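Below is one structure, written out as C-alpha cells; the observations come after it.
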DNA sequence: CAGTTATATAACAATCCGTTTATATAAAGG
DNA sequence: CCTTTATATAAACGGATTGTTATATAACTG
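Protein chains in written order, with this note's numbering: chain A, 1 to 107; chain B, 108 to 214.
Here it is as C-alpha cells:
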C-alpha cells in the first residue's frame with residue numbers, strides 16, 4: 001500500500017491540511033494558496049506536489065496558472081483503511097458491552 | 108490541531124499501520140508484536156510509543172508485560188477532520204452533476 | 001538472592017523533510 | 001521581441017525520524 005504512505009504523510013503536515021481546507025472552499029491557483037501562509041512560493045509549490053502525488057488534489061493548466069482542486073482518490077483509500085480500525089474498535093466496544101452486560105446479570 | 112499531526116504521521120509509517128492491523132485482531136504484548144517484523148525490539152517499542160502518543164493505542168501493565176490494544180481517540184479525530192474533505196468533495200460532485208444536468212437540458 | 005524474561009532508554013549514524021534563496025521556464029501583454 | 005506574471009526546480013541547510021547496538025530497569029522464578 002504505497003499510496004497510503006503518501007496519503008497519510010501528506011496529511012501529517014499542518015500546512016498541507018490548511019491548503020486542503022482552503023481548497024474545500026473551491027479551486028485556487030498557486031499564488032492564491034501562497035497568500036494566506038507565511039511561506040515562500042517554492043515551499044507551497046512543493047507542498048502542492050506532495051498533495052498531488054498523494055492523490056489528494058488535481059491540477060488543470062489554464063494559461064500560466066495551475067488551479068488546484070480537491071480529488072477524492074486518496075480520501076477514499078484512507079477511509080477504506082480506517083474502516084478496518086473502526087470495525088475492530090466497535091468490536092472491542094461490543095465486547096466491553098458484553099462484559100458490562102455480564103456484570104449486570106451477575107448482580 | 109496538534110493531535111492530527113501526531114495521528115496522521117503515526118499512520119504514515121507502514122510498520123505502524125501493520126502493528127495496528129495486528130492489534131485489530133486483539134491485544135498483543137510488545138514481544139508478540141516484534142515477531143512478525145524484521146525489526147529489533149527497541150524499534151518496535153519506539154513505534155508503539157509513537158502510536159500511543161498519537162492516541163491510536165493504549166497499554167495496560169500486567170506484571171512485566173505491557174499488552175497494547177487499539178484506542179478510538181485518534182480515529183475519531185481523524186474521521187472528524189476528513190469529514191470536512193468528504194463534504195467538500197461531495198459538494199464538488201454535486202456541482203458536476205449540475206453541470207452535466209445543464210448539458211443534458213441544452214441538448 | 002541470582003538468573004531470566006519483558007520492556008525501555010541512550011547514543012549514534014543514515015536518511016528524510018521543510019524551508020530558503022537563486023534561478024529556470026513558459027505563457028501573456030504590451 | 002521584451003517584460004511581466006505564474007509557477008517549477010535546484011542546491012543547501014537544519015532538524016526530525018528510523019534504524020542499530022548496548023545497557024538499564026523491573027518483575028517473575030527458582
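C-beta: ideal position from N, C-alpha, C; glycine also.
The model shown is predicted, which means the values in this text are computed figures rather than measured ones.
Could you name the residues of chain A that residue i contacts, counting a contact when the two beta carbons are closer than 9 Å?
i, result
"residue 145 of chain B", "Result: empty, since nearest Cβ-Cβ is about 18 Å, beyond 9 Å."
"residue 185 of chain B", "11, 78, 82"
Straight-line CA distance for residue i to residue j?
i, j, result
"residue 202 of chain B", "residue 154 of chain B", "43 Å"
"residue 169 of chain B", "residue 122 of chain B", "25 Å"
"residue 81 of chain A", "residue 126 of chain B", "13 Å"
"residue 195 of chain B", "residue 30 of chain A", "19 Å"
"residue 190 of chain B", "residue 21 of chain A", "11 Å"
"residue 158 of chain B", "residue 152 of chain B", "10 Å"
"residue 90 of chain A", "residue 40 of chain A", "44 Å"
"residue 150 of chain B", "residue 92 of chain A", "27 Å"
"residue 32 of chain A", "residue 178 of chain B", "39 Å"
"residue 141 of chain B", "residue 120 of chain B", "16 Å"
"residue 36 of chain A", "residue 111 of chain B", "21 Å"
"residue 49 of chain A", "residue 132 of chain B", "36 Å"
"residue 38 of chain A", "residue 145 of chain B", "42 Å"
Just checking: is the beta-carbon of residue i within a distance shorter than 9 Å of some beta-carbon in chain B?
i, result
"residue 3 of chain A", "no"
"residue 12 of chain A", "yes"
"residue 75 of chain A", "yes"
Along chain A, in chain order, which residues have C-beta atoms closer than 7 Å to that of residue i?
i, result
"residue 128 of chain B", "84"
"residue 131 of chain B", "84, 85, 88"
For chain A, check one thing: does any of its Cβ atoms lie closer than 9 Å to the Cβ of residue i?
i, result
"residue 152 of chain B", "no"
"residue 149 of chain B", "no"
"residue 155 of chain B", "no"
"residue 115 of chain B", "yes"
Taking residue i as the reference, which of the options has the closest Cα?
i, options, result
"residue 65 of chain A", "A:13, A:27, A:19", "A:27"
Anything in chain B within Cβ reach of residue i, meaning under 8 Å, just list it in chain order.
i, result
"residue 66 of chain A", "Going along chain B, no residue has its Cβ under 8 Å from residue 66 of chain A, so there is no contact; the nearest lies around 18 Å."
Give me, in chain order, the residues of the same chain whose beta-carbon lies closer than 6 Å to that of residue i; leave out the 5 immediate sequence neighbours on both sides.
i, result
"residue 78 of chain A", "7"
"residue 161 of chain B", "113, 114, 117, 181"
"residue 60 of chain A", "67"
By the criterion of Cβ-Cβ separation under 8 Å, what are the contact partners of residue i in chain A?
i, result
"residue 167 of chain B", "What residue 167 of chain B touches in chain A: nothing, since even the nearest Cβ is about 13 Å away."
With a CB to CB cut of under 7 Å and the five nearest residues on each side skipped, what residues in its chain are close to residue i?
i, result
"residue 108 of chain A", "The structure shown does not extend to residue 108 of chain A, since chain A spans only 1 to 107, so no value can be given for it."
"residue 193 of chain B", "none"
"residue 124 of chain B", "118"
Residues of chain B with CB closer than 9 Å to the CB of residue i, please, in chain order.
i, result
"residue 70 of chain A", "192, 195, 196, 199"
Between which residues of its own chain and residue i is the CB-CB distance below 8 Å, once the five residues before and five after are set aside?
i, result
"residue 107 of chain A", "For residue 107 of chain A, the predicted model reports a pLDDT of 46, less than 50, meaning its position is unreliable; a value from the coordinates is still stated below. None."
"residue 183 of chain B", "none"
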